[in-house]
Amino acid sequence: MSHKDKKVDLDRDRGIAPGLVAKTKKRLVVASGRSHPALAADVAAALGTELVPTEHRTFASGEILTRFEVSVRGCDVFLVQSFGPPVNEWLMELLIMLDAAKRASAKRITVVAPYYPYSRQDKKGRGREPISARLVADLLRTAGADRVMSVDLHAAQIQGFFDGPVDHLFAKPVLLDHFVRTLSDEDRAKLTVVSPDTGRVRVADQWSDSLGAPLAIIHKRRDPNVANQVTVNEIVGRVDGRVCLLVDDMIDTGGTILKAAQALKDNGAERVIVAATHAVFSDPATERLQDEAIDEVVVTDTIPLPPEKLFPGLRILPIAPLLARAIHEVFVDGSVTSMFDGAA
Numbered sequence: 001m002s003h004k005d006k007k008v009d010l011d012r013d014r015g016i017a018p019g020l021v022a023k024t025k026k027r028l029v030v031a032s033g034r035s036h037p038a039l040a041a042d043v044a045a046a047l048g049t050e051l052v053p054t055e056h057r058t059f060a061s062g063e064i065l066t067r068f069e070v071s072v073r074g075c076d077v078f079l080v081q082s083f084g085p086p087v088n089e090w091l092m093e094l095l096i097m098l099d100a101a102k103r104a105s106a107k108r109i110t111v112v113a114p115y116y117p118y119s120r121q122d123k124k125g126r127g128r129e130p131i132s133a134r135l136v137a138d139l140l141r142t143a144g145a146d147r148v149m150s151v152d153l154h155a156a157q158i159q160g161f162f163d164g165p166v167d168h169l170f171a172k173p174v175l176l177d178h179f180v181r182t183l184s185d186e187d188r189a190k191l192t193v194v195s196p197d198t199g200r201v202r203v204a205d206q207w208s209d210s211l212g213a214p215l216a217i218i219h220k221r222r223d224p225n226v227a228n229q230v231t232v233n234e235i236v237g238r239v240d241g242r243v244c245l246l247v248d249d250m251i252d253t254g255g256t257i258l259k260a261a262q263a264l265k266d267n268g269a270e271r272v273i274v275a276a277t278h279a280v281f282s283d284p285a286t287e288r289l290q291d292e293a294i295d296e297v298v299v300t301d302t303i304p305l306p307p308e309k310l311f312p313g314l315r316i317l318p319i320a321p322l323l324a325r326a327i328h329e330v331f332v333d334g335s336v337t338s339m340f341d342g343a344a
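Residue numbering for the sequence shown follows the working numbering, beginning at 1 and increasing consecutively.
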């Protein structure tokens, strides 16, 4: 046996299949759709790189074209696309980007969707309804996604809809750090964490433990036949004379948050601060959130907000550092779970 052949056999001796070693190294690339380019650019900058030059076109007929202007062959591609309005156009653009990356021979494609579209349609509330969150997962997988990364899914079971790895990130460290730094000692002494409904009790309880504050719960009812209509029934827990921190995963029209804040003020709350991950802010959210019952609103920039949606009491925190760290962990085969003390 020649010396050259012996080198190949050494792989077999170590329990590794004989073969050739490529000279190429892993390459992380970040590409962006048009929904939130500022966030994607911030993520790329935090990773120490730049966005992949990409051509996007929308033809007169409304059809979309996406083309990567440089080679992504063999790359670990992370496609960043958030889902503010128009949601359906951005979803279609993402699917087309996935197809383009797959046909360009990307080695692995990860969808980074800070806000997962259709996440509230995660189950059948009535007969003959779709489960659209599952449909979105199927579309992503069929289009070529190998992995999905998202922040604060509306329901944790959405992770099971995608047939592949899902990195469920939490914005709590970003929001919590803000309140730890900005709340005065007097406010901390009077702080009560409030869940706006029974569905968010687990998250609010985690906030309560982290801040060392008591927990209150608002019981609400919705009419299943009328969208965005909420009735507050009662408050469980002490809120009189307290600084109440309302925590939720998203604010859409602001109806739930406004009703909750008004109920807290009616029951003697001194101040009401709202913390949410996703600022969907469908009309008339901006007007509702400026109600005198709400003293401050703190959100992250998972969804882009146009100037007309901004108001004086709003604080927007950057989510890009969290996304960049998670992307790096995935790329180097590290641990995303370790970012959240084993909770992810």
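All C-beta atoms in this analysis are idealised placements derived from N, C-alpha and C, irrespective of residue type, glycine included.
_L175 versus P165, G160 and D152, residue with shortest Cα-Cα distance_ = D152
_First and last residue of the uninterrupted alpha helix (DSSP H) at S208_ = V201 to L211
*When we look at the beta-carbon of S338 and count the other beta-carbons within 10 Å, is it buried (16 or more) or exposed?*
exposed
*Have a look at F34 and T286 and give me their C-alpha separation to the nearest angstrom.*
Position check: residue 34 holds Arg in this sequence, whereas Phe was assumed. Each residue's Cα considered, the two are about 24 Å apart.
_I need the DSSP call for R73, collapsed to helix, strand or coil._
coil
*Which of the three DSSP states, helix, strand or coil, is assigned to R67?*
strand
*Helix or strand or just coil, what does DSSP make of L79?*
strand
_Between the alpha carbons of D240 and L264, how many angstroms are there, rounded?_
8 Å
_Supposed close pair V87, P130 - CB separation, criterion 8 Å_ = Wrong, their Cβ atoms sit about 15 Å apart, outside the cutoff.
*Roughly how many angstroms lie between the CA atoms of K6 and E63, to the nearest whole one?*
In this predicted model, K6 has a pLDDT of only 47, less than 50, meaning its place in the structure is not dependable enough to derive any value.
*Cβ-based burial, F83 [other Cβ within 10 Å; buried from 16]*: buried
*What first and last residue would you give for the alpha helix (DSSP H) that runs through V330?*
A320 to F331
*Would you tell me roughly how many angstroms separate the C-alpha atoms of V336 and L139, rounded to the nearest one?*
25 Å
*Helix, strand or coil: how does DSSP classify V297 here?*
strand
*asked:* Let me confirm a value: T58 is counted as buried when at least 16 other C-beta atoms fall within 10 Å, else exposed. Which label applies?
replied: exposed
*Measuring CA to CA, which of D295, D283 and T256 is closest to P196?*
T256
*asked:* If I follow the unbroken alpha helix (DSSP H) through T286, where does it start and stop?
replied: A285 to L289
*F170: buried (16+ other C-beta within 10 angstroms of its C-beta) or exposed?*
buried
*Can you give me the Cβ contacts of A44 inside the same chain, cut-off strictly under 7 Å, excluding the 5 residues immediately before and after it?*
V30, E50 and L51
*Look at the alpha carbon of S2 and the alpha carbon of F68, and state the distance between them as a whole number of angstroms.*
With a pLDDT of 49 at S2, under the threshold of 50, the modelled position of that residue is not reliable, and the figure given next carries that caveat. The straight-line gap from Cα to Cα measures roughly 46 Å.
*Between L28 and the rest of its own chain, which residues show a CB-CB distance below 6 Å, the 5 nearest in sequence each way excluded?*
D76 and F331
*asked:* In whole angstroms, give me the CA-to-CA distance for A100 and V180.
replied: 44 Å
*Can you tell me which of the three DSSP states T110 falls into?*
strand
*Give the C-beta separation of P318 and D42 to the nearest angstrom, bearing in mind that I take them to be a contact with Cβ-Cβ under 8 Å.*
7 Å
*asked:* Tell me which residue opens and which closes the beta strand (DSSP E) that I251 is part of.
replied: V243 to I251
*Hey, how far is the Cα of H259 from the Cα of P214?*
What sits at residue 259 in the sequence shown is Lys, not His. Rounded to the nearest angstrom, the two C-alpha atoms are 21 Å apart.
*asked:* Buried or exposed for A106, going by 16 or more other Cβ atoms inside 10 Å?
replied: buried
*asked:* Assuming contact is defined by CB atoms lying nearer than 9 Å, are I251 and I235 in contact in what I supplied?
replied: no
*First through last residue of the beta strand (DSSP E) which encompasses M339*: Here M339 belongs to no beta strand (DSSP E), and DSSP marks it neither H nor E.
*Would you mind reading off the limits of the beta strand (DSSP E) that contains H168?*
V166 to L169
*What do you reckon, are the CB atoms on I327 and F162 nearer than 9 Å?*
no
_Whole-angstrom C-beta distance between V272 and I294, which should lie under 8 Å_ = 6 Å
_For A143, which residues in the same chain have their Cβ closer than 7 Å to its Cβ, ignoring the five residues on either side in sequence?_
L95, L98 and D99
*Note down, in chain order, each residue of its chain lying with its Cβ closer than 8 Å to the Cβ of V283, except the 5 sequence neighbours on either side.*
Val is not the amino acid found at residue 283; the sequence shown has Asp there. T253, listed in sequence order.
*Using alpha carbons as the reference points, say which of G334, A113, V243 and A104 lies closest to M149.*
A113
*Where R200 and A22 are concerned, what is the direct C-alpha to C-alpha distance, given to the nearest angstrom?*
49 Å
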